[in-house]
Amino acid sequence: EPEVTQTPSHQVTQMGQEVILRCVPISNHLYFYWYRQILGQKVEFLVSFYNNEISEKSEIFDDQFSVERPDGSNFTLKIRSTKLEDSAMYFCASSYGTRQETQYFGPGTRLLVL
Amino acid sequence: KNEVEQSPQNLTAQEGEFITINCSYSVGISALHWLQQHPGGGIVSLFMLSSGKKKHGRLIATINIQEKHSSLHITASHPRDSAVYICAMNYGGSQGNLIFGKGTKLSVKP
């Protein structure tokens, strides 16, 4: 069964460093999402991406964040200068359509900023 | 403000019990999702509902659009059902992003 994959599974970085989180969505899906979950808190939406551009973003997704689909398969989230409060689990998800479509989640990348 | 509220926050049940988890939301939605988060963190979609009722195995999800309320039921619960169950919504104005509830942590004892 097709699945969303994410790499790395864990990343430890120093405050101020850049990180890139990678995702491979399901191949025929058209909509891609990043969510994050700070330890002990609920999952929060960061950004959605369709047709090679951001379709929606949350207040969390400030200028330190960017997303890219550099080729036909990968979908990346870059954090330019990490802060302690960026420590969280980051989930990528994909769906074929938007509002009434099941989203398929990757296993997550656990990011720890020291 | 777009809110999703779940109850209870924590639930402990004996194996075999019938379980109900409730979700209420504050705005018009295009769809309501129930997801399961495993202890390792992974998230799996269980149901996506825009009306009525859906059933998959021992899981049943219902939604009442007028009352802005949904329930997830688990029949004949089993220890392997232990997980966090999360309600999330696509609200009417969104482009597909989900707004999540805080989740209900279910523990089923043998």
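As they're listed, the protein sequences go chains U and F.
If you read the first sequence in my numbering, its first letter stands for residue 1, the second for the next number, and so on.
If you read the second sequence in my numbering, its first letter stands for residue 1001, the second for the next number, and so on.
We put the beta carbon where it would ideally sit given N, CA and C, even for glycine.
Query                                                                                                                                 : Result
The region 1067-1086 of chain F / the region 1012-1026 of chain F touching (three or more Cβ pairs under 8 Å)                         : yes
Residue nearest to Ser87 of chain U in terms of C-alpha spacing, selected from U:Val4, U:Val47, U:Glu1, U:Leu21                       : U:Leu21
Neighbour-count burial assignment, Pro1008 of chain F, 16 or more Cβ in a 10 Å radius                                                 : exposed
Cut-off 8 Å between Cβ atoms - residues of its own chain near Asp71 of chain U, not counting five sequence neighbours on either side  : none
Whole-angstrom distance between Val1044 of chain F and Pro107 of chain U, CA atom to CA atom                                          : 9 Å
Cut-off 6 Å between Cβ atoms - residues of its own chain near Ser182 of chain U, not counting five sequence neighbours on either side : Residue 182 of chain U lies beyond the stretch modelled for chain U, which goes from 1 to 114, so this question has no answer here.
Near-chain U residues of the region 1024-1036 of chain F - C-beta to any C-beta below 7 Å                                             : Ser1030, Ala1031
Bridge partner(s) assigned by DSSP for Ile54 of chain U                                                                               : U:Phe49
Cutoff 9 Å: Leu1098 of chain F Cβ touching any chain U Cβ                                                                             : yes
Residues of the region 32-47 of chain U with Cβ closer than 9 Å to any Cβ of chain F, in chain order                                  : Tyr33, Tyr35, Gln37, Gln41, Lys42, Val43, Glu44, Phe45, Leu46, Val47
Proximal residues to Thr7 of chain U (C-beta, below 6 Å), its chain only, five neighbours per side dropped                            : Arg22
Exposure label - Gly1016 of chain F; buried when at least 16 CB within 10 Å                                                           : exposed
Cβ-heavy atom distance, Ser27 of chain U to the ligand FAD, below 8 Å                                                                 : Judged by which ligands are present, the structure shown has none, so any question about the ligand FAD falls away.
9 Å Cβ cutoff, Glu101 of chain U in contact with chain F                                                                              : yes
Residue-level contact to chain F via CB, Thr98 of chain U, 9 Å cutoff                                                                 : yes
Interface flag, Arg69 of chain U vs chain F, CB-CB below 9 Å                                                                          : no
Continuous alpha helix (DSSP H) assignments of at least 4 residues falling wholly in the region 1073-1110 of chain F                  : none
Candidates U:Thr13, U:Glu1, U:Arg80, U:Tyr90, of which the one nearest Leu114 of chain U by Cα                                        : U:Thr13
Nearest to Gln1014 of chain F (by Cα), restricted to the options F:Asn1097, F:Met1089, F:Gln1037, F:Arg1080                           : F:Arg1080
9 Å Cβ cutoff met for Ile1086 of chain F and Ile1019 of chain F                                                                       : no
is_contact[Phe75 of chain U, chain F] using C-beta, thresh 9 Å                                                                        : no
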